[in-house]
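In full-length UniProt numbering, the protein residues as written are 1 to 190. Glycine included, each C-beta is placed from N, C-alpha and C at the ideal position. Here the structure is a predicted model, which means the values were calculated and not measured.
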DNA sequence: AACAACCTCAACCGCATCAGA
DNA sequence: GTCTGATGCGGTTGAGGTTGT
């Protein structure tokens with residue numbers, strides 16, 4: 001369960017985290033905050049890389065994390081946001097308070113992608129009208145993709161000054177935002 | 001009961017970008 | 001402007017659990 005790190009003879013621990021490791025990590029983060037992950041790893045006396053600590057904290061230990069039981073409303077939101085944003089899991093997760101990008105990505109890969117395929121096959125051939133809606137959504141989506149993400153090179157050739165994070169700011173975690181978002185997305189499909 | 005096939009999800013990996021020196 | 005370490009992201013893997021035969 002351990003592998004050698006290039007610059008060090010000390011093997012880094014890999015694989016599942018133990019309760020003891022979780023406790024140590026949470027303790028150090030409580031004191032020093034969730035940044036400088038390499039420092040956190042060494043301060044916590046964890047034989048883990050900083051990346052691993054960060055991931056563990058973000059996906060599992062962080063407070064206010066909801067686990068499992070994705071509601072119908074949330075599922076609907078994921079579907080709609082994915083339609084608009086594509087595989088931008090962190091962006092999608094940002095609109096679902098308490099959910100992590102990893103969880104949403106997993107949920108999509110194991111549940112929703114199959115659902116979509118199934119649905120797609122049903123619709124295929126019988127719903128030519130749907131293409132119009134799809135086209136419209138795609139156009140809107142491509143505008144959204146000109147957002148502030150550094151990944152898609154939005155700096156180049158974008159004439160759309162649109163920031164998804166600002167637009168969909170749910171940072172107050174108000175549940176009514178979910179309803180608002182659902183209504184908004186319904187407008188897109190209308 | 002035994003085994004295979006399938007499913008789920010935590011964790012890892014590689015890469016891009018950011019930020020500070 | 002360049003370099004380097006830190007951070008963030010999406011894709012992928014694999015262990016463990018569940019279901020089917």
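Candidates the options: closest to residue i by CA position
i: residue 17; options: 55, 38 and 43; result: 55
i: residue 62; options: 29, 39, 92 and 79; result: 29
i: residue 25; options: 53, 38 and 15; result: 53
i: residue 71; options: 104, 31 and 86; result: 104
C-beta contact flag for residue i and residue j at 9 Å
i: residue 35; j: residue 41; result: no
i: residue 89; j: residue 102; result: yes
i: residue 44; j: residue 13; result: no
i: residue 51; j: residue 98; result: no
Assumed close pair residue i, residue j - CB separation to whole angstroms, cut-off 8 Å
i: residue 100; j: residue 59; result: 5 Å
i: residue 81; j: residue 95; result: 6 Å
i: residue 57; j: residue 78; result: No, residue 57 and residue 78 are not in contact; Cβ-Cβ is about 23 Å, not under 8 Å.
Close-in-space but distant-in-sequence residues of the same chain around residue i (CB under 8 Å, 5 per side omitted)
i: residue 27; result: 44
i: residue 19; result: none
i: residue 114; result: none
Beta-carbon contacts of residue i that lie in its chain and below 7 Å, excluding the five residues immediately before and after
i: residue 46; result: 21, 24, 25 and 53
i: residue 116; result: none
i: residue 32; result: 40 and 43
Own chain, CB closer than 6 Å to residue i, minus 5 neighbours either side, in chain order
i: residue 93; result: 99, 100, 101 and 104
i: residue 37; result: 50, 53 and 54
i: residue 110; result: none
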